[in-house]
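Enquirer: Using the working numbering, you'd call the opening residue of the sequence shown number 4 and step up by one each time. Glycine included, each C-beta is placed from N, C-alpha and C at the ideal position. The following block contains the structure, expressed as structure tokens.
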Amino acid sequence: MFKKKKKFKVTLFFLILVLIYGLYALYVAFAHNPGFELLSKNTISYSGLKARIISDNTKISMIKVSLGTKEKSIYPIYQENNLDSDFEEKIISIPFTEEDKVVKFIKKNNLKSLYLYYQIEYENKFFNSNLNKKIKISIDFQPPSIKSVRTDSYVYLGGIGYVIYKTSKDTFLSYVDTGLNTNFYPITIEGDSVDSNLVFFTCGNSPCKNGKIKIVAEDLSGNSVSILRRMKTLKNKNWKTSNIVIDLSFLLNKYNEIFDSNLTTVSIDNFLELNMILREKNNIEISSNTSAISRNLITSGNFYQMRNSKVFSDFSEKRDYYFKDEDKPLMTTYHWGYDLSSIKNAKIYSSSEGLVSYVNNDGLGIYGKTIIINHGLGFYSLYSHLSEILVSVGDKVKTDTIIGRTGESGLAFGDHLHFGTYLQGVPFNSSEVWDKKYFFQKVLNIYNDFIKGPSNRRIKKSGI
Ligand SMILES: [Zn+2]
């Protein structure tokens with residue numbers, strides 16, 4: 004009797020153990036399953052099909068994707084076997100071309116949707132398992148269209164130009180690529196059948212890439228279309244190149260002032276830290292603070308050079324820095340603005356009407372105390388090396404508003420104003436805004452005609 008009881012207890016203990024183990028295995032089986040997530044809004048297009056596969060603590064050994072009808076899978080489009088590496092998630096990308104059988108099948112049958120089948124073989128701690136599912140997806144192989152393009156006939160080196168084009172209503176995003184690492188986005192007016200777009204752009208301080216600009220339109224499915232337009236770049240000036248021999252003793256005070264340090268000597272590394280690394284960082288900060296497009300004009304279009312000032316350094320001047328008597332320059336910079344000299348601590352007026360959009364009283368690195376003013380349509384002006392700032396962010400300024408005083412804060416040797424103009428984050432030659440006739444011809448008149456256009460009523464608020 005006693006023995007039987009003991010045996011029963013042992014059996015019960017093992018039964019409970021098996022039960023717990025079984026429950027745990029069930030938990031693992033239900034809680035840990037791989038996931039499959041389509042990244043392209045459940046649509047396939049020429050931009051391909053992208054999906055994210057999440058392992059969720061399982062080991063995935065095989066992934067298979069195919070397309071077909073509701074009843075059956077027909078066209079295999081992706082397969083990966085013997086996946087033995089551990090991964091948390093994996094992005095798979097499947098491109099399509101017009102030559103693919105499935106694309107021909109879709110076009111022949113004029114399909115609007117089909118089914119995507121996926122099969123994932125995986126192993127969790129206890130089981131080998133197989134996930135087999137299908138998702139309904141829509142088909143969009145129709146890219147948006149770009150038409151009625153009107154482009155400017157030329158730009159000057161470092162100057163600005165415009166292009167006007169219409170896009171079909173399925174366009175999600177359009178822009179102009181001039182060969183720089185940043186694109187130029189439009190001011191868009193929505194029409195009933197097409198949208199009208201006006202883009203102001205610059206090709207930077209070199210000619211537009213291959214003598215052309217590229218207009219690109221994309222839809223939500225990722226289909227895109229692009230067209231090229233010729234864009235002549237004229238050279239109206241030879242920019243100076245200066246050879247500068249690095250004088251470290253000269254740099255010491257500026258280094259300590261800008262980095263708030265107490266060094267007694269500076270090295271060539273300190274020079275590079277200041278003139279290369281910090282300069283780059285400061286230029287990125289300026290770009291990001293001059294890239295937004297205000298869709299309304301904030302300026303009358305009249306820009307003035309600082310009163311009673313003389314230009315002593317031009318836009319895009321090249322500066323080669325040499326260390327000691329080495330043959331090759333250690334580094335090169337381009338001067339993204341104009342240096343204007345006047346009397347010491349001279350009053351600075353806003354160059355045109357605008358909205359103060361950025362103020363840095365602590366000093367923006369090599370630029371020192373800096374103000375940025377937004378003039379609308381993606382145009383900005385910048386004032387650097389100031390000794391004093393007299394405006395705040397959000398202030399409306401006019402050409403008789405004193406915004407600050409000249410100085411030598413930042414990497415400036417001698418009191419002067421560094422003045423720069425930017426379009427959607429890219430510096431351009433300010434002489435084009437100071438020349439009233441030219442600025443009206445290239446920008447103001449074009450914008451005014453554009454918003455007066457016959458089918459143009461609603462200015463699109465969304466977008467970049
Ligand atoms: Zn300067």
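Measure the C-alpha to C-alpha separation of E40 and K67 and round it to an integer number of angstroms.
Expert: Straight-line Cα distance between these residues: approximately 14 Å.
Enquirer: What do you reckon, is the C-beta of G340 under 7 Å from a heavy atom of ligand 1?
Expert: Flag set: Cβ of G340 near ligand 1.
Enquirer: Taking the alpha carbon of L42 as the point to measure from, which residue in I149, S224, L201 has its own alpha carbon closest?
Expert: Nearest C-alpha to L42: S224.
Enquirer: Spell out a yes or no on whether the stretch 196-211 and the stretch 234-244 are touching, meaning 3 or more CB-CB pairs, one atom from each, closer than 8 Å.
Expert: Counting Cβ pairs under 8 Å, three or more are found: they touch.
Enquirer: List the endpoints of the continuous beta strand (DSSP E) containing D180.
Expert: Unbroken beta strand (DSSP E) run through D180: 174-180.
Enquirer: Restricting to Cα atoms, I'd like to know which of S229, F442, S270, G428 is closest to S294.
Expert: If we check each option's Cα against that of S294, G428 comes out closest.
Enquirer: Take every Cβ of the stretch 377-392, pair it with every Cβ of the stretch 285-299, and state whether three or more of those distances are shorter than 8 Å.
Expert: They touch, by the three-pair rule.
Enquirer: From the DSSP output, in three-state form, read off L266 for me.
Expert: In this structure, L266 counts as coil in the three-state DSSP scheme.
Enquirer: Using 8 Å as the threshold, is the C-beta distance between I247 and Y325 below it?
Expert: Yes, the Cβ-Cβ distance between I247 and Y325 is below 8 Å.
Enquirer: To the nearest angstrom, report how far apart S156 and T404 are at their CA atoms.
Expert: Each residue's alpha carbon lies about 36 Å from the other.
Enquirer: To the nearest angstrom, report how far apart S319 and D342 are at their CA atoms.
Expert: Their Cα atoms are separated by approximately 11 Å.
Enquirer: Under 6 Å Cβ to Cβ from I467, same chain only, skipping five residues before and after it: list those, please.
Expert: Model confidence at I467 stands at a pLDDT of 40, short of 50, so the residue's coordinates are unreliable; what they give is reported in the following sentence. Excluding sequence neighbours, I467 sits near Y188.
Enquirer: Can you tell me which residues form a DSSP beta bridge with F187?
Expert: Bridge partners of F187: V179.
Enquirer: Between which two residues does the alpha helix (DSSP H) harbouring F2 extend?
Expert: Since the first residue shown for the chain is 4 and the last is 467, residue 2 is missing from the structure and cannot be characterised.
Enquirer: Between the Cα of L117 and those of N45, D103, N184, spot the shortest distance and give me the residue it belongs to.
Expert: The shortest C-alpha separation from L117 is found at N45.
Enquirer: Could I get the ranges of all uninterrupted beta strand (DSSP E) runs contained in the stretch 305-365, with 3 residues as the minimum, in chain order?
Expert: List check, beta strand (DSSP E) in window: 313-316, 321-325, 334-337, 341-344, 350-352, 357-363.
Enquirer: Whole angstroms is fine: what's the gap from T14's alpha carbon to P37's?
Expert: If I take the Cα positions, the gap works out to 37 Å.
Enquirer: At a threshold of 7 Å, does S384 count as lining ligand 1 (C-beta to nearest heavy atom)?
Expert: Outside the cutoff, so no.
Enquirer: Tell whether a beta-carbon distance below 8 Å holds between V179 and I138.
Expert: Not closer than 8 Å, so no.
Enquirer: Report yes if the C-beta of S316 is less than 7 Å from at least one heavy atom of ligand 1; otherwise report no.
Expert: Yes.
Enquirer: Enumerate, from N- to C-terminal direction, the unbroken alpha helix (DSSP H) stretches of 4 or more residues contained entirely within the stretch 32-70.
Expert: Fully enclosed alpha helix (DSSP H) runs of 4 or longer: not present.
Enquirer: When the Cα atoms are used, what is the spatial distance from K128 to L52?
Expert: In a straight line, the C-alpha of K128 is about 31 Å away from that of L52.
Enquirer: Looking at ligand 1, does it come within less than 7 Å of H421, judged from the CB to the closest heavy atom?
Expert: Checking the Cβ of H421 against ligand 1 gives yes.
Enquirer: Taking only the alpha-carbon atoms, compute the straight-line gap between N200 and N364 and give it to the nearest angstrom.
Expert: Their Cα atoms are separated by approximately 37 Å.
Enquirer: Since D229 is in the beta strand (DSSP E), which residue starts that stretch and which ends it?
Expert: According to the sequence as given, residue 229 is Ser; it is not Asp. First-last of the beta strand (DSSP E) with S229: 227-233.
Enquirer: Check L487 in the structure and name its three-state DSSP category.
Expert: Past the edges of the chain, shown from 4 to 467, lies residue 487, and the structure says nothing about it.
Enquirer: Are the beta-carbon atoms of I142 and L114 separated by less than 8 Å?
Expert: It is a contact, given that the beta carbons lie within the stated cut-off.
Enquirer: For G397, which option in N259, V359, H421, K240 has the closest C-alpha, if you only look at C-alpha atoms?
Expert: Of the candidates N259, V359, H421, K240, the one whose C-alpha sits nearest the C-alpha of G397 is V359.
Enquirer: Is the stretch 281-289 in contact with the stretch 344-360, if contact means three or more CB pairs nearer than 8 Å?
Expert: No, because fewer than three Cβ pairs between the stretch 281-289 and the stretch 344-360 fall closer than 8 Å, the two stretches do not touch.
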